[in-house]
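Structure record follows, encoded as structure tokens.
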């Protein structure tokens, strides 16, 4: 340990047989397995660990846990660089590379600390008042400077090479916190057979037992801890989850947690995540998160070497590290005297003990005498001295006398605040408990109980009692029978007297929020300027923002505001606690959902068959669909699409349409429900028939279209466009639950339960006769256009057959259970081989729907009405439906509103481009003369030229006119003729063949 001058020769819970190497700001150091980065730095005598945000003042460690406001560092390098990591929770590992932040050029010599010279002007809200004039400076000077100064740390700027997971867990009892209360609760419930999960943010379970020299049942508390953990590990229904922070409490007993699976290694092992985001479903939960020690606000309280008293004990007792060699203890409660005892036992010279109370228990006076340290009562620290490290303090006693003492460590204790944040995540408000001068949980979310220090019961005995009692109650509540209540383990005696002081007035800066450089004077200024609400105080001064979120600063800020406004602390109130409790990496929330996995591709049931046919795929929404099926003789994709279209027009083709949304709707009021969501009528639809329908949004614009088939008196099957399937399902759910909840309707998405294939072309009926089982008459007379019926195929496989066509040909859609999708394709191809059957893809389908004037996504873009699409006559005047009134707004009824028509080039050899705008012949191409645009174009192999659909002002009345299609992006201009949107077989004879 010679390279670690402040490491104790004995003691602590670190593994002294395993020495680890790490770097901080480019310098190499050594630590021990079981260290945090913070404890390892202290062991090496490193006291300066960061610079403050606004003034760049030197800062050292304040705490030993997740509440740390000062020691924010960057971990790792390159693509794995992680900013704003609290050194106090970083588990030391071999090769760790950490860098201080918010300084330039170095931590020891930070030129940016010159900003402290301007501190009289950089008070709370200065940026609201300063950067208002001259106005022209804002964009050119002020904003760039503010943006450059904003933020802490540097993001990697490269793609994260690690991966993250999402996971789900279900339990009878979730215990949040691995201290004595949480372990007692888990042990009691676990012994009953209940499924128990215990989470703790530390990499070692034990809570404050790791940091204290306590006794349970007459033996060291760490021995009781080891036995308890061993028994918990032996219980098959108990899961121990160290390195796991529960960051949020949500509705219905759902808890969010993040597990740092491999943050304690340089590079995660192959196939393992860096972190894992958990969603935990718990029937009951016990919050045993402990408490956070409170600092005292006094001039110079931010100097490196000023630490929380409990943190000092943690470094001494858990890590075997001395935070200093000459110490002063400044306390307003009994807890500070435990630090006196432990520092003395560790061999630290105590320069003074300062107790702000007038009366001190005789036991403590004896302890002070034994240490040889002078005891000052009714006293306070008035100032600290030193530069980048503490060198001394000035004390003022009750009579006003002052004394200056030399020291390099000041341990401050102002009692503790319960860590109650999760109890407020569902709008619960904490309540003030006068006896401990702290807020405690108020009304609790359903299923949650609070134990030990988190409930304001700070003694070890109370923690063990609460844990045992609440663990037993949780087991009973979840249907288990715990063993008969036994005696709670006995503990050594302790007292909890306190009389906190919120600040010591004096000259010099006294910091309330160390992370954001908020001083007591800033709080006073906020009060004078009217920002007295705690939420206004937070935002005006930045008190309690960033990673610390007020854990060490909020109560002191509230106390000073209460003092300024003549109110009590509970009258002043608290800010709203929201998740997450501690910072959570976005990667842990996203899991695998990034890159191509951000929205995983959905594959049709026939996808593998299409791959075997060498299909080229295209993304349509979340689906991968076959775009076309190239053959070796096809010279390009256009030739492939032309071949597919002509094959359908002259023979037969098949196309997978499984991706179209399918919603099964049943119930006595289903027809009435459809009447209200579609613009056309549905009550008259016979069983065994399908009908085309259009639905509007509430603003009167078209949401989606598709066919709905009536399979039974109260049974309908709705189809939607692929892209809008999810949106339509949400819309229907909203309409049922919020608008018409009394309608007897039930609906479920069955898109993925059915494989559906369009069989189109003059020979389609012949092909189907080879697949549909004998006994089903699918002749034109028995199964006419828009027929829909259950059938069987392949010797009894249940299927559905619809006579629906978007190609304009005699066509059917055959649906079978999804598992039979690939077999269906093989069967259809076999039955169609004598007829020259050809698979066609989305591009071929698109060509044929444009030839027939069918609107799809390019036309159903959220900006068109039914009237724009030429479907105005479908809108029933005999009923109400969603969007009816809004669709009749004056602007949407204007005769010159752009409407859907067809276009063909005057010169048949010229191609058209989608997106081209219509400009009158002889007019200048500008926005004033813009009369519409081309929404869809294609080359028609049937017509031997390009055709298009588009929206033109008063379009239907202008058929036969000519106009220019101007494309300024591609520098193109084509003279086109306005025509009917139905280019092919306008009489529909082929459809009914």
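In the numbering used here, the protein residues as written are 4 to 996. A virtual CB, placed ideally from N, CA and C, is assigned to each residue, including glycine. Note that the coordinates shown come from a computational prediction; the quantities given were computed from them, not determined experimentally.
- Out of 187, 23, 822 and 55, state which residue places its alpha-carbon closest to the alpha-carbon of residue 391. Ranking 187, 23, 822 and 55 by Cα distance to residue 391 puts 55 first.
- Please go through the segment 770-837 and give each complete beta strand (DSSP E) segment of 3 or more residues, from N-terminal end onward. As for any beta strand (DSSP E) of minimum length 3 sitting wholly inside the segment 770-837, the runs are 791-796, 800-805 and 814-820, ordered along the chain.
- Item | Per-residue DSSP class, three states only, for residue 92 | The three-state reading of DSSP puts residue 92 in helix, counting H, G and I together.
- Message: Using C-beta distances below 6 Å, list every residue in its chain close to residue 360, excluding the 5 sequence neighbours before and after it, in chain order.
- Response: Here the set comprises 502.
- Task: Could you have a look at residue 548 and say whether DSSP puts it in helix, strand or coil?
- Result: Coil at residue 548, not helix or strand.
- Item | Contact belief for residue 699 with residue 682 at Cβ below 8 Å, rounded distance in angstroms | So it is a contact: roughly 6 Å between Cβ atoms.
- Nearest to residue 655 by CA position, among 662, 663 and 646, is which residue? Of the listed residues, the one whose Cα sits closest to residue 655 is 646.
- Message: Does the segment 490-505 come into contact with the segment 216-231, if we say contact requires no fewer than three beta-carbon pairs (one atom in each stretch) closer than 8 Å?
- Response: With a cut-off of 8 Å, the segment 216-231 and the segment 490-505 count as touching, because enough Cβ pairs lie within range.
- According to DSSP, which residues form a beta bridge with residue 200? Residue 200 is bridged to 177 and 242.
- Give me the Cα-Cα distance between residue 613 and residue 605, rounded to the nearest whole angstrom. Between residue 613 and residue 605, the C-alpha separation is close to 14 Å.
- Nearest to residue 249 (by Cα), restricted to the options 275, 238, 181 and 554: The candidate whose alpha carbon is nearest that of residue 249 is 181.
- Item | residue 312 in three-state terms, based on DSSP | Under the three-state reduction of DSSP output, residue 312 falls in the helix class.
- One or two residues paired with residue 920 in a DSSP bridge: Within the DSSP bridge table, the entry for residue 920 names 936 and 969 as partners.
- Measuring CB to CB, does residue 157 end up less than 8 Å from residue 175? No, these two residues do not count as a Cβ contact at 8 Å.
- Task: Could you have a look at residue 878 and say whether DSSP puts it in helix, strand or coil?
- Result: Three-state DSSP puts residue 878 in coil, outside helix and strand.
- Short Cβ contact (8 Å threshold) for residue 693 with residue 712: Yes, the Cβ-Cβ distance between residue 693 and residue 712 is below 8 Å.
- Task: Out of 944, 94 and 620, point me to the one whose CA is closest to residue 264's CA.
- Result: That would be 94, whose Cα lies nearest to the Cα of residue 264.
- Task: Provide the residue span of the alpha helix (DSSP H) that contains residue 372, from first to last.
- Result: Bounds of the alpha helix (DSSP H) holding residue 372 are 365-374.
- Task: Could you spell out the range, first to last residue, of the alpha helix (DSSP H) harbouring residue 345?
- Result: First-last of the alpha helix (DSSP H) with residue 345: 338-348.
- Whole angstroms is fine: what's the gap from residue 201's alpha carbon to residue 19's? Cα-Cα distance, rounded: 28 Å.
- What does residue 751 pair with, by DSSP beta-bridge criteria? According to DSSP, which records beta bridges pairwise, residue 751 is partnered with 667.
- Quick one: give me the first and last residue of the beta strand (DSSP E) that residue 286 is part of. Per DSSP, residue 286 belongs to the beta strand (DSSP E) from 278-290.
- Query: If you draw a straight line from the C-alpha of residue 229 to the C-alpha of residue 207, how long is it?
  - Reply: Here the alpha carbon of residue 229 sits roughly 11 Å from the alpha carbon of residue 207.
- Task: Could you pull the start and end residues of the beta strand (DSSP E) that residue 420 belongs to?
- Result: It spans 419-421 - the beta strand (DSSP E) in which residue 420 sits, taken as one unbroken run.
- Would you mind reading off the limits of the alpha helix (DSSP H) that contains residue 43? Residues 40-46.
- Whose CA, out of 946, 915, 821 and 353, lies closest to the CA of residue 855? Ranking 946, 915, 821 and 353 by Cα distance to residue 855 puts 946 first.
- Find out if the Cβ-Cβ distance for the pair residue 324, residue 332 is shorter than 8 Å. Cβ atoms of residue 324 and residue 332: not closer than 8 Å.
- Query: Between the segment 805-818 and the segment 764-783, do at least 3 Cβ pairs fall closer than 8 Å?
  - Reply: In short, these stretches touch, since the Cβ pair count reaches three.
- Do the segment 820-839 and the segment 775-795 touch if we need at least three Cβ pairs shorter than 8 Å? Contact fails: fewer than three Cβ-Cβ distances are below 8 Å.
- Message: Looking at the strands, I want to know which residues DSSP matches up with residue 759.
- Response: Note: residue 759 sits in a beta bridge opposite 818.
- Message: When you compare the segment 626-634 with the segment 731-740, are there three or more beta-carbon pairs, one atom per stretch, that lie closer than 8 Å?
- Response: They do not touch, by the three-pair rule.
- Whole runs of the alpha helix (DSSP H) within the segment 383-461, excluding any shorter than 4 residues: Counting only runs of 4 or more, we get nothing.
- Span separating the alpha-carbon of residue 409 from that of residue 395: Approximately 4 Å, taken between the alpha carbons.
- Task: State whether the segment 374-385 contacts the segment 399-408, with contact taken as three or more CB pairs (one from each stretch) at a distance under 8 Å.
- Result: Contact holds: three or more Cβ-Cβ distances are below 8 Å.
- Please report the Cβ distance between residue 241 and residue 189, rounded to the nearest whole angstrom; I am assuming they are in contact, meaning their Cβ atoms lie under 8 Å. With a Cβ gap of about 6 Å, residue 241 and residue 189 count as contacting.
- Task: Assess, as a yes-or-no matter, whether the segment 472-487 is touched by the segment 436-445 under the definition of 3 or more beta carbon pairs within less than 8 Å.
- Result: No, the segment 436-445 does not touch the segment 472-487.
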